[in-house]
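Each residue of the sequence shown is one higher than the last, beginning at -1 in the numbering used here. What follows is a short report on a single structure.
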Amino acid sequence: MQQRIALVTGGTRGIGAAISLALKAKGYKVIANYHQNHETAENFQKQHSIDVYSWDVSNYDDCQSAIQKITKEHGEISTLVHNAGITKDSFFHKMSPVMWNEVIQTNLSSCFNMVHPLIDSMRQKGFGRIIMLSSINALKGQMGQVNYCAAKAGIIGFSKALALETASKGITVNVIAPGYTDTEMVRSVPENVLEKIIAQIPVGRLGRADEIAACVAFLAGDDAGFITGETLNINGGQYLS
Ligand code: CAA
């Protein structure tokens, strides 16, 4: 079988890096997107021989031209893992319009920006895997994250609707909703707050990025062809939907 090409956004750090490595281990040709952290991305590329490309997923034109370039250089992308995302946490009464817009553009509008340039080729091929990274906080809500929860919940609606549209074309669209996972993003939560959060996790610890990545790799594979429009919660029991 021809080697499948997987594109992972935010794929050089945190959960995204673990996903890039898990897909590579499964035999995919992996392309990792990143935004601004050039040094980390270069090291990741050197260490793991995974090609990295920098662009801003909140910008439609940048997504379109990057996808065209990758397709020209490597071939058609069969698997998209849209993992890139940011937080701008603040209580709502202190949240600025900039904090709202940046999170909505980067975490939610990016779904349109990334999938739209890819969907025609997946439909024509009759195969595609689209996996979106949401969050436990899309489902349970979280103080200090009105912007993030809105965007991450939006991803679930986006994916359900797209799953229905594309099911007959061999394309599956699924969501992974990770709980608090041991990454830089979670470690930047104030220590006293993070202690409270860990105390709410029945498994008694933060998740590991490789635990999330293993589930992404499963959903990307042929064995998961009958799963679409689904949201998989991986949160150590912190929220049961
Ligand atoms: N869980 C439990 N309690 C929380 C909390 C949380 N997630 N976030 C805030 N609180 C509590 C604080 O402990 C504090 O309680 P006390 O008054 O009893 O001390 C109270 O809320 C007010 O918090 P702060 O004193 O920190 O208020 P602040 O205005 O300085 O900051 C904040 C507010 C920006 C929301 C800050 O508390 C914060 O960053 N909280 C973490 C929010 C969070 O959970 N973000 C998730 C980031 S990781 C992620 O998003 C990945 C993912 O998908 C899971």
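Even glycine gets a Cβ: it sits at the ideal position worked out from N, Cα and C.
Tell whether a beta-carbon distance below 8 Å holds between residue i and residue j.
i, j, result
"A149", "I102", "yes"
"T104", "V184", "no"
"Q1", "G25", "yes"
"A222", "L21", "no"
"G155", "P200", "no"
"I129", "V214", "yes"
"T85", "Y178", "no"
"I3", "S108", "no"
"L106", "I65", "no"
"I196", "R206", "no"
"T170", "R127", "yes"
Please classify residue i: does DSSP put it in a helix, a strand, or coil?
i, result
"M(-1)", "coil"
"T226", "coil"
"T77", "strand"
"A82", "coil"
"M130", "strand"
"V187", "coil"
"D220", "helix"
"P176", "strand"
"D118", "helix"
"Y32", "strand"
"I48", "coil"
"T38", "helix"
"K167", "helix"
"N233", "coil"
"G152", "helix"
"G25", "coil"
"V214", "helix"
Could you tell me how far apart the beta carbons of residue i and residue j are, in whole angstroms, since I believe they sit closer than 8 Å?
i, j, result
"V173", "T226", "About 10 Å separates the two Cβ atoms, so there is no contact after all."
"G168", "G124", "4 Å"
"G12", "A30", "Contact doesn't hold; Cβ gap of about 12 Å is too wide."
"Y51", "L137", "With a Cβ gap of about 32 Å, Y51 and L137 do not count as contacting."
"N57", "N111", "7 Å"
"H80", "T7", "5 Å"
Pick from the options: whose alpha carbon is nearest that of residue i?
i, options, result
"D87", "S186, N231, K194", "S186"
"L131", "L116, N99, P176", "P176"
"A39", "A15, Y58, R121", "A15"
"I48", "S63, C61, Y32, Q62", "Y32"
"D180", "I232, H91, A161", "I232"
"Q45", "Q122, I196, T7, L19", "L19"
"Q140", "V96, V191, S94, V171", "V191"
"H91", "G142, A82, Q43", "G142"
"Q34", "L5, D118, I195, W53", "W53"
"L5", "A23, K67, L78", "L78"
"S94", "T69, E193, V144, Q122", "V144"
"Q62", "G83, I153, S119, F42", "S119"
"G152", "D59, N135, Q122", "N135"
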